[in-house]
Structure formats: C-alpha cells, structure tokens
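Chemist:
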Amino acid sequence: MESIIILIFVIGYLSITLEHPLKLDKTVPALIMAALIWAVLAVGFHAGWFDIINTEEQAFNFLSGGEAAEEGFNGTLLHHLGKTAEILIFLIGAMTIVEIIDLHRGFEVLKGAVKTKSKRKLLWIIGILAFILSAIIDNLTATIVLVTLLRKLIHRREDRLWFAAMVVIAANAGGAWSPIGDVTTTMLWIANKVTAMGLIEFVVIPSVVCFALPFLVASYMKPFQGNIEVHAEEDLEAEKLLSSRTMLFLGLGMIVSVPVFKTITHLPPYMGMMLALGVVWLVSEYIHPEEDFTKERRHLYSAHKALSRIEISSILFFLGILMAVAGLESLVYGVVHGEEVGTLRYLAEALQGAIPRESEIWFFLGEDLVVMLLGILSAIIDNVPLVAASIGMYDSPTDSVLWHFIAYSAGTGGSMLIIGSAAGVAAMGMERIDFIWYLKKIAWLAFLGFAAGAIVFLIIERVIFHHA
C-alpha cells in the first residue's frame, strides 16, 4: 500500500514539472497530491495497512495503539500543518511589504540610480543589485524588479535576454546566503536547521564566488561588449512619488529587522514578519504620496490593494507541496538500525548506502556528494520539495555543515536551467526566454558558478575550519 502514496507523489511531481507542456498551473496538482496522500494515509492507517511516525521518531499503529495512536496521527497532521503555516504567513507578510513598496514606486529610486551606457558596466551594476536585493526582498521579487528595470534601459529584446538570464544567476546566488532570500533558506531557518548568522557566515563567500565567476566570464563575451542608449533617465525621475524613498527604506529596513527580532525574542520568524508588516501598513495609511493627495486616491496606495496583488496561487502551491512531502515523511516505510523510519529518512539512508563507505569518494565527500546531487536535481525539479524532503531525511544539529551546504546547493543549483528556480520562471515568463536558448547559452555559466562556489564552500568548512 505504501507504493500507492509514492505513486501519487510521483504523478503529482511530474505534473508540476511539466506545467508548461500540460498548460496546467502547478498549484492544481500540488493541492490534489497533498489531499490524496493524506487521504490514503488516513484510510490505510485506520485499516492497519501501515504505521505513522511523528517528528519525534514515535511510531503509531492504530490496531495496537487505539485511541493513543489516533491522537498521534492527528497530532502529526496538525504539527506539519502548523510548520507549513509558519512559512506561508511569513511569505504573505514579505510579499505584502514588497507590494506596498512597489505601489509607492519605491523601486524607482533604484532604477534612477542606473546611469551608464556601457554594457559591461550595466551587467555588473544589475548583477550586484540582484545579488544584494535578493538577500533582502527574496530572489523572485528581485528578479521581477530588475527585469522591469532592464525593459526601461535596453530596448533591443535580443540584448535584454542576456541580461535577464544573468539576473537569474545573481539573484539565486544572493538568495542562498540570506534566511529571507529564498523560500528554501526560509524553510531551513523556520525549521531551526540554520541560524541567520550561521547562514551568512559560511554561505556568503561561496555565494559571492557563484555570482562573480559567471559574471567575470560573461563580461568578456560578445553580448556584453559595446554601449547601449539609456533613454529612460528623465522618465524614471518623473515617476517617483513623495513617499517613494521613505517607503523603500522603511519596507526593506523592516524586512531586514525580522532576523534581529527572532534573535532578541526567540520567537518564530513569522511573528517578526507580522510586526514588520504592521509597521509598514501603519505608515502607508498616513503618508502622503502626492502633493495634492485626496481621500479618493488613497485606495491606489493602500495595503488592501497590495494584498490583492499577491500571488495567492504561489502560496497555495507551497501549501500543497509542503503538506505532500510531510505525508511522505510521516509514512513508516522501513527499518534502519532496528528503528522504524519514514519514507524520506529511508531514502536518505539508501542514497548514502549507494556509495561504498570504503571508497575514496566516501572518505573525501560522503554526505557532501549527496547534497551536490540535490543541487543539480534542483535545476530539474522544484527546489522547494527537495529541501522539504531533505529536512525530513536528515537529523543533523542546527548550523551543521550539511544544512549550510543544502542551503547553498538548493539555492544556486536551480540556475542551471531556466525552469529550475522561481527567479528563472519569473524571468522566463516576463521575457519569453526560450528553454533551449538558456540551456545552450547560459547553463554552462551557471554550472561554472555552482561548482566553483561548492568547492570554495567545502574548502572553508572542511579544510580551513575542519567542521564535521
């Protein structure tokens, strides 16, 4: 019966990865997959076909456990829903703040700062902006902002495609070292697998290498030679509002304050994000974006409008995929070292068992090889379920090398294909970037950065600091 649950997951997963050929929003299979997995789990558990395991490694059998086992099943479901809700509330808060900034045209302040005609200089300016912004407002939002900026600066689509593709590499690299820079790092942070300072300390240098090396190589390539005409300078200045600068710095400042709030209070990150959203919302209610500001125009800049612009389908996708992975984690699949373990833990043991422990590869790399494989897979398969699976697969302590390397690999590995990350999918949709064009022109640059950053990470963690 376990195979039915795995089959549901595989079919759902394939439907998500093939959303473009199927012309089906990936939220649909994610929600159906999660509901069916838990439905089969519930029916099978009560029929005695299989056992359930919670996050504290306690296994429950309905036939022998009775009422206590029933409570264990319900408790496991509620625990996973609670952990998923933490991530979703956090994301809703962050997305709303970014939309409020955008309504007040705060990002025009950044756009007005780009004043160069050199393609090479523009490449580095855009790249550095993407790298820094993605760490603050997340890689998806940073990509949307910068592709919008590129449309105003570069009028030839053929030229713009190259810059947009490079933004994906920089944004994913920038998001990997920040607890709020990527959905996957946010998941690891909320699950208490990494701390904000631990992530920054050990992942920032590999991320810089992952971003800088492809950009250094690209700056000598033909598409980034010569000059462009920057026509939009005057327009950009004219588009700013009285509130643009205030809302930009307030919004970004409040998002950055979330890790500080968690460190001081030891409360979950979503509580800090709720406070941040409340403060930004409060200021947006009283600030005057225009000289002759009237009540009739207030709705144009309100938080209610910002909330209406949030992609709720993305939130529901994360709900579906995370609850589906939680279902797999909760299903007892086999026995390892005399203990019953869930599907994902069993998979982790099988993966590591596939590499002979007597071999030189295991001696030098071991778990790191599995994590690098996870990074490469994240280019093909969505990195959210991969990281959700890894959280269920391993029980290493907070801020261990394993979690830092997973944060780096899952965050940056997705750059190798245009469909491998949220940032890539956003750029693909906005600029109609062709999958094959990206594979031929950009994938090798992304792989170069990923591999170089991974080597630097392992040198820092394993050789310099001798972390186990």
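Sequential numbering of the sequence shown, starting at 1, is according to UniProt numbering. Idealized CB from N, CA, C, for every residue including glycine.
#1: Rounded to whole angstroms, what's the CA-CA distance from residue 2 to residue 336? Just pull it up for me.
#2: Three or more beta-carbon pairs under 8 Å between the region 91-102 and the region 110-118, yes or no?
#3: With a 10 Å radius around its C-beta and 16 neighbouring C-beta atoms as the bar for buried, classify residue 179 as buried or exposed.
#4: Give the single residue among 407, 423, 379 whose Cα lies nearest to the Cα of residue 203.
#5: From residue 388 to residue 325, what does the alpha carbon distance come to, in whole angstroms?
#6: What is the DSSP secondary structure of residue 335, counted as helix, strand or coil?
#7: Is it right to say residue 76 is buried, meaning 16 or more other beta carbons lie within 10 angstroms of its own, or is it exposed?
#8: Considering residue 320, what are the terminal residues of the alpha helix (DSSP H) in which it resides?
#9: With burial defined as no fewer than 16 other Cβ atoms inside 10 Å of the residue's Cβ, what is the status of residue 345: buried or exposed?
#10: Which residues share a DSSP beta bridge with residue 308?
#11: Taking only three categories from DSSP, how would you classify residue 128?
#12: Counting beta carbon pairs with one atom in the region 151-162 and one in the region 192-210, are three or more of them shorter than 8 Å?
#13: Spell out a yes or no on whether the region 306-319 and the region 96-107 are touching, meaning 3 or more CB-CB pairs, one atom from each, closer than 8 Å.
#14: Quick check on the burial criterion: 16 or more other C-beta atoms within 10 angstroms. Buried or exposed for residue 47?
#15: On the DSSP letters alone, give me the boundaries of the alpha helix (DSSP H) that residue 157 sits inside.
#16: Compute the beta-carbon to beta-carbon distance between residue 469 and residue 375, rounded to the nearest angstrom, for a pair I have assumed lies under 8 Å.
#17: Pick out whichever of 43, 165, 20, 138 has its Cα sitting closest to the Cα of residue 439.
#18: Given a cut-off of 9 Å, decide if residue 31 and residue 5 are closer than it, judged by their beta-carbon atoms.
#19: Leaving out five residues before and five after residue 235 in sequence, what residues of the same chain have Cβ atoms less than 7 Å from its Cβ?
#20: So, using beta-carbon positions, are residue 206 and residue 457 closer together than 9 Å?
#21: Please state whether the Cβ-Cβ distance between residue 244 and residue 104 is less than 9 Å.
#22: Helix, strand or coil: which one does DSSP assign to residue 60?
#23: Would you call residue 425 buried or exposed, if buried means 16 or more other Cβ atoms sit within 10 Å of its Cβ?
#24: For residue 419 versus residue 428, is the C-beta spacing smaller than 9 Å?
#25: Considering residue 79, what are the terminal residues of the alpha helix (DSSP H) in which it resides?
#26: Name the residue from 11, 14, 34 whose alpha carbon lies nearest to the alpha carbon of residue 317.
#27: When DSSP labels each residue in this structure, what does residue 52 get in the three-state scheme?
#28: Is it true that the CB of residue 445 sits closer than 9 Å to the CB of residue 218?
#29: Could you spell out where the alpha helix (DSSP H) holding residue 1 opens and where it closes?
#30: With DSSP as the reference, please indicate the residues paired to residue 118 in a beta bridge.
#31: Hey, quick one: how far does the alpha helix (DSSP H) through residue 186 stretch, first residue to last?
#32: Looking at the unbroken alpha helix (DSSP H) that takes in residue 27, where does it start and where does it end?
#33: Which parts of the region 379-453 are runs of the alpha helix (DSSP H), unbroken and 4 residues or longer, counting only runs that do not cross its ends?
#34: Taking only runs of the alpha helix (DSSP H) that begin and end inside the region 244-287, which ones reach a length of at least 4 residues, in chain order?
#35: Run through DSSP, which three-state label would residue 341 get?
Modeler: Well, looking at it:
#1: Whole-angstrom Cα-Cα distance: 17 Å.
#2: no
#3: buried
#4: 407
#5: 7 Å
#6: strand
#7: buried
#8: Going by DSSP, residue 320 is part of the alpha helix (DSSP H) stretching over 312-330.
#9: buried
#10: Answer is none; residue 308 lacks a bridge partner.
#11: helix
#12: no
#13: Enough Cβ pairs lie closer than 8 Å, so yes.
#14: exposed
#15: Note, residue 157: alpha helix (DSSP H), 157-176.
#16: Because the chain spans 1 through 468 in this model, residue 469 falls outside it and cannot be assessed.
#17: 165
#18: no
#19: With a pLDDT of only 49 at residue 235, under 50, the local geometry of the prediction cannot be trusted, and no value is derived from it.
#20: A contact, by the Cβ cut-off of 9 Å.
#21: yes
#22: strand
#23: buried
#24: yes
#25: 67-103
#26: 34
#27: strand
#28: In contact: residue 218 and residue 445 (Cβ atoms closer than 9 Å).
#29: No alpha helix (DSSP H) holds residue 1; DSSP gives it neither H nor E.
#30: 227
#31: Looking at the DSSP string, the run of the alpha helix (DSSP H) that includes residue 186 is 183-190.
#32: 27-47
#33: As far as the region 379-453 is concerned, its whole alpha helix (DSSP H) runs of at least 4 residues are 383-393, 401-413, 422-431, 435-441.
#34: 244-265, 269-286
#35: In this structure, residue 341 counts as strand in the three-state DSSP scheme.
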